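Colleague:
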Amino acid sequence: MSYNDKNELSNKSFTIRSYRITFSVQPISNNLTSLVSYCKLNKLDFILSADANAHHQIWGGNQICNRGIKVLDFIIKENLILLNKGDIPTFVRGNSRTFIDITVSSKGLSDRLVDWQVDINRSGSDHNTIFFSLKTDTFENLGKVKRRTNWEGYKASLQEKLQTLSLLNSSKENLEKNSQIFSNVLIDSFNQNTKTFKIKLNFKTKWMNKNLLDERKKVRKLFSKAFKSKKNIDWSNYKVANRNYMKSCRKAKTESWKKTTLEIDALEDATRLQKLLEGEKNFKLGSLKNIDGSYTRNIGLRHSKLMMKEPNPQRASFLLNLNRKDLRVMLGTLTGHCCLYKHLNSMQKTNLINCRYCKGMFEETMQHVIASCDAHSRVRLRTLNHTVINAEELAEVDLENLLLFMRRTGIRSTFFDFFS
Numbered sequence: 001m002s003y004n005d006k007n008e009l010s011n012k013s014f015t016i017r018s019y020r021i022t023f024s025v026q027p028i029s030n031n032l033t034s035l036v037s038y039c040k041l042n043k044l045d046f047i048l049s050a051d052a053n054a055h056h057q058i059w060g061g062n063q064i065c066n067r068g069i070k071v072l073d074f075i076i077k078e079n080l081i082l083l084n085k086g087d088i089p090t091f092v093r094g095n096s097r098t099f100i101d102i103t104v105s106s107k108g109l110s111d112r113l114v115d116w117q118v119d120i121n122r123s124g125s126d127h128n129t130i131f132f133s134l135k136t137d138t139f140e141n142l143g144k145v146k147r148r149t150n151w152e153g154y155k156a157s158l159q160e161k162l163q164t165l166s167l168l169n170s171s172k173e174n175l176e177k178n179s180q181i182f183s184n185v186l187i188d189s190f191n192q193n194t195k196t197f198k199i200k201l202n203f204k205t206k207w208m209n210k211n212l213l214d215e216r217k218k219v220r221k222l223f224s225k226a227f228k229s230k231k232n233i234d235w236s237n238y239k240v241a242n243r244n245y246m247k248s249c250r251k252a253k254t255e256s257w258k259k260t261t262l263e264i265d266a267l268e269d270a271t272r273l274q275k276l277l278e279g280e281k282n283f284k285l286g287s288l289k290n291i292d293g294s295y296t297r298n299i300g301l302r303h304s305k306l307m308m309k310e311p312n313p314q315r316a317s318f319l320l321n322l323n324r325k326d327l328r329v330m331l332g333t334l335t336g337h338c339c340l341y342k343h344l345n346s347m348q349k350t351n352l353i354n355c356r357y358c359k360g361m362f363e364e365t366m367q368h369v370i371a372s373c374d375a376h377s378r379v380r381l382r383t384l385n386h387t388v389i390n391a392e393e394l395a396e397v398d399l400e401n402l403l404l405f406m407r408r409t410g411i412r413s414t415f416f417d418f419f420s
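Put into structure tokens, the structure is as follows:
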């Protein structure tokens, strides 16, 4: 069992890996050897924290076993730095106290890793908690309010800075240089016109309460007493208290999660939560196919090709039976040529382009309004049975329900303001 993470320090990446080696397998596995070789080959510093189930006097205790000798040989061979210090055992079960957890690092991080120590305050496990500090460069916890970006100022800054940049130079030598300059111009213009704020780091656990804190203090006192006395009765009292404390923690976590879900009374919040839980979706390339099966080579009419993949007699019959106003609305809905900012901007009738409904960073296209705009998630759920619609589902939406969606959101009425 292992956990692997990759981080950045002073613009340099390093790897943290935690793993457990059972007695039934060799202490130095092929995966571990491959990981160390990979890090060295790619010049990555790394930290290895392991429940090695190996004994050696080098990292504590008076025992030496064959597994410990193999682990020590591996540390010496790979030129690693052992961080273990002190005489506090890392594993305590009853009167058994051993030093089987080790922490090693590459030489590049040895100067930054300090204060390695074992905490005897119980963590709910037979293994004591191991702490160490990693020195990092100071940084400002600054965030940006993208929704409050001054886009007019951004465009002005961009135009001013691009006047001195020649992007039409076809020279191969200048292509990479111009690309980097253009990227820096975009970032600088955005930073100049976007407000910043200081991020508050909050590590408070929501489900932790006063009763649990008192119960945890009681467990720690019982452990300290059993650790010093080594009496079986004291260990038994500690195990009972620790078991009850862990049950109380699980109950508090469950209740906290239920409370969080009940507090999501607005459907917009639930939609955002759903997007976060779902992650990125991989859309199929079928949405870019023409009727004859070939792939489109034209960047135009993307929304029309998405909404009307192939001839459909039922859809045609539905459109022919509509009155003039509803037909106008549905044609604009299916083609995207309507009163929304994206289309109006392409016609040079407005400078606006972002969605007016959710006030976000997304362009106000018909696909965004129908499929994912947070402001219409409640109506979308009632009429289309979805809070968020992907590309494949969008092509199968019933037109009658789609027209109802346009009416209930109020978008239908804006069509006639535009055409009047």
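When the letters of the sequence shown are read in order and numbered with full-length UniProt numbering, they come out as residues 1 to 420.
For every residue, glycine included, the Cβ atom is placed at its ideal position computed from N, Cα and C.
In this text, all values refer to a predicted model and were calculated from it rather than measured experimentally.
1) Could you tell me whether any Cβ in chain B is nearer than 8 Å to the Cβ of Glu396?
2) Hey, how far is the Cα of Glu176 from the Cα of Phe182?
3) Take Ser106 as the anchor and find which of Val92, Ser372, Leu403 and Ile47 has the nearest alpha-carbon.
4) Closer than 8 Å is the cut-off here; do at least three beta carbon pairs connect the segment 313-324 with the segment 335-355?
5) Residues bridged to Asp45 by DSSP?
6) Reducing DSSP to helix, strand and coil, say where Ser96 ends up.
7) Does DSSP put Ile81 in a helix, in a strand, or in coil?
8) Out of Arg220, Lys253 and Ile187, which has the shortest C-alpha to C-alpha gap to Lys206?
9) Flag this pair as touching only if the segment 76-89 and the segment 112-122 have three or more C-beta atom pairs under 8 Å; answer yes or no.
10) Between which two residues does the alpha helix (DSSP H) containing Ser224 stretch?
11) If you draw a straight line from the alpha carbon of Ser157 to that of Arg380, how long is it in whole angstroms?
12) Could you tell me the alpha carbon to alpha carbon distance between Asp398 and Asn385, rounded to whole angstroms?
13) Can you give me the start and stop residues for the alpha helix (DSSP H) that Gln159 sits inside?
14) My guess is that Val185 and Leu162 are in contact by the Cβ rule of under 8 Å, so how many angstroms apart are they, rounded?
15) Secondary structure at Phe362, three-state DSSP: helix, strand or coil?
16) Starting from Lys135 and walking both ways along the alpha helix (DSSP H), at which residues does that stretch end?
17) Near Gly410, what residues of its chain come up, given a Cβ to Cβ distance below 6 Å and the 5 sequence neighbours on each side ignored?
18) Apply the 10 Å Cβ neighbour rule to Ala316 and answer buried if 16 or more other Cβ atoms are within range, or exposed otherwise.
Modeller: Reading from the atomic positions:
1) The structure shown contains no chain B; it is built from a single protein chain.
2) One-based indexing of the sequence shown puts residue 176 at position 176. One-based indexing of the sequence shown puts residue 182 at position 182. About 10 Å.
3) For the purposes of this step, residue 106 is taken as residue 106 along the sequence shown, with counting starting at 1. That would be Ile47, whose Cα lies nearest to the Cα of Ser106.
4) Taking a cut-off of 8 Å on C-beta distances, the segment 313-324 does not touch the segment 335-355, as fewer than three cross pairs fall below it.
5) As a position in the sequence shown, residue 45 is number 45, starting the count at 1. Its beta-bridge partners are Phe14.
6) Within the sequence shown, the letter at position 96 stands for residue 96. The answer is strand: DSSP assigns Ser96 an E or B state.
7) As a position in the sequence shown, residue 81 is number 81, starting the count at 1. Of the three classes helix, strand and coil, the one that applies to Ile81 here is strand, per DSSP.
8) Here residue 206 corresponds to residue number 206 of the sequence shown, with the count starting at 1. Of the candidates Arg220, Lys253 and Ile187, the one whose C-alpha sits nearest the C-alpha of Lys206 is Lys253.
9) yes
10) In the sequence shown, residue 224 corresponds to position 224, counting from 1. Residues Lys210 to Ser229.
11) The residue given as residue 157 occupies position 157 in the sequence shown. The residue given as residue 380 occupies position 380 in the sequence shown. Taking the straight line from one Cα to the other gives about 39 Å.
12) Translated into the one-based positions of the sequence shown, residue 398 becomes position 398. Translated into the one-based positions of the sequence shown, residue 385 becomes position 385. About 11 Å.
13) By one-based count along the sequence shown, residue 159 stands at place 159. Per DSSP, Gln159 belongs to the alpha helix (DSSP H) from Trp151 to Leu162.
14) Start at 1 with the first residue of the sequence shown, and residue 185 comes out as number 185. Start at 1 with the first residue of the sequence shown, and residue 162 comes out as number 162. Confirmed, about 6 Å.
15) For this step, residue 362 is matched to residue 362 along the sequence shown. Three-state result, Phe362: coil.
16) By one-based count along the sequence shown, residue 135 stands at place 135. Here Lys135 belongs to no alpha helix (DSSP H), and DSSP marks it neither H nor E.
17) As a first step, residue 410 must be located in the sequence shown, where it is residue number 410. So no residue of the chain qualifies.
18) Within the sequence shown, the letter at position 316 stands for residue 316. Ala316 should be labelled exposed.
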